[in-house]
Amino acid sequence: MTEQPFETVGETRGGRWLVTCDHATNIVPPCVNGGSLGITPADMARHIAWDPGAAGVARTLAERLDAPLVLSRFSRLVIDPNRSEDDPTLVMRLYDGTVIPANRAIDEAETDRRIRTFWRPYHTEVARLAARRSDTVLLAIHSFTPQLKGRPPRPWQIGILHAADDRLARPLIARLRAEGDLCVGENEPYGGHLPGDSVDRHAEAFGRPNVLVELRNDVIAAPADQAAWAARLAPILEAALADTGA
7 MTEQPFETVG ETRGGRWLVT CDHATNIVPP CVNGGSLGIT PADMARHIAW DPGAAGVART
67 LAERLDAPLV LSRFSRLVID PNRSEDDPTL VMRLYDGTVI PANRAIDEAE TDRRIRTFWR
127 PYHTEVARLA ARRSDTVLLA IHSFTPQLKG RPPRPWQIGI LHAADDRLAR PLIARLRAEG
187 DLCVGENEPY GGHLPGDSVD RHAEAFGRPN VLVELRNDVI AAPADQAAWA ARLAPILEAA
247 LADTGA
């Protein structure tokens with residue numbers, strides 16, 4: 007593979023935030039099963055392959071926060087950078103009703119190759135930028151589907167996820183709920199963080215303030231929506247960080 011498994015934007019920006027987008031793209035590089043996982047283009051466009059809209063929000067947010075940004079350059083179905091190396095869902099074989107043929111019979115050697123080729127370089131880059139200053143704050147941007155197959159609709163426009171270190175999440179949730187027009191989930195639509203996931207690896211393990219923001223992907227479907235959400239969130243994030251005194 008000649009392409010980098012990550013994209014770094016604004017490396018020289020001076021702010022203390024570091025923005026990440028683990029599921030920025032649905033690219034399957036040619037070195038993975040010839041560039042196809044064996045599922046339809048419609049499935050590759052779904053949330054199972056990436057976080058639609060998240061990269062656009064992350065780019066504008068990083069610019070407004072004067073923050074560097076690291077985005078993945080491979081589909082989460084190739085290997086999921088928001089999982090630990092030993093997580094059984096690191097390479098998904100079945101996701102939201104879709105069988106992934108190229109992953110169905112994946113062996114240890116191919117999993118290890120994907121870890122070395124994609125997963126580790128991405129995390130090495132995030133770690134490098136997180137260490138650029140002693141007061142780094144990690145902001146992870148994700149999106150979620152309005153409804154999983156056979157499950158109830160998800161009402162939240164935005165979810166704020168946190169693990170044990172909730173010093174930034176708490177004031178952020180309070181400020182978002184004070185907006186009055188948002189349905190805000192706490193550890194919704196997913197609960198907290200998984201051991202060894204991106205936030206755990208790059209923030210919790212170092213005592214860095216952190217928050218993971220999940221946006222429902224229908225509210226950030228268009229570039230204009232992504233820019234509007236980023237413009238709205240940036241000052242709220244800054245105010246919430248100030249609230250922490252960190």
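With positions in the sequence shown counted from 1, the corresponding number in the numbering used here is that position plus 6. Even glycine gets a Cβ: it sits at the ideal position worked out from N, Cα and C.
query	result
Where the alpha helix (DSSP H) containing residue 109 begins and where it ends	107–110
Under the three-state DSSP convention, the category residue 212 falls into	helix
Through-space distance from residue 64 to residue 241, alpha-carbon basis	14 Å
Exposure label - residue 131; buried when at least 16 CB within 10 Å	buried
Within-9 Å CB hit, residue 70 to chain D	Absence of chain D from the displayed structure is noted, only one protein chain being present.
Candidates 201, 178, 222 and 184: closest to residue 249 by CA position	178
Host beta strand (DSSP E) of residue 75 (start-end)	75–78
Boundaries (first-last residue) of the beta strand (DSSP E) holding residue 246	No beta strand (DSSP E) holds residue 246; the alpha helix (DSSP H) holding it covers 229–250.
Residue span of the alpha helix (DSSP H) that contains residue 66, given as start and end	60–70
Residue 130 beta carbon near the ligand ATP (any heavy atom closer than 8 Å)	This structure lacks the ligand ATP; in fact it carries no ligand of any kind.
Cβ shell of residue 5 (< 7 Å), same chain only, five flanking positions each side left out	What is shown of the chain runs 7 to 252, which leaves residue 5 out entirely.
Limits of the unbroken beta strand (DSSP E) element including residue 151	It is not in any beta strand (DSSP E) - residue 151 carries neither H nor E in the DSSP assignment.
Burial state of residue 7 (16 or more Cβ within 10 Å)	Because residue 7 carries a pLDDT of 47, less than 50, the predicted location of this residue cannot be relied on, and the following value inherits that uncertainty. With fewer than 16 Cβ atoms within 10 Å of its Cβ, residue 7 is classed as exposed.
Simplified DSSP assignment, three categories, for residue 205	helix
Start and end residues, alpha helix (DSSP H) containing residue 117	114–120
For residue 217: DSSP bridge partner residues	145
Rounded separation between residue 143 and residue 119 - CA only	31 Å
Candidates 111, 204, 217 and 91, of which the one nearest residue 192 by Cα	217
Reduced DSSP category for residue 54 - H, G, I as helix; E, B as strand; rest coil	coil
Proximity winner among 166, 220, 102 and 111, relative to residue 148 (alpha-carbon distances)	220
Exposure label - residue 163; buried when at least 16 CB within 10 Å	buried
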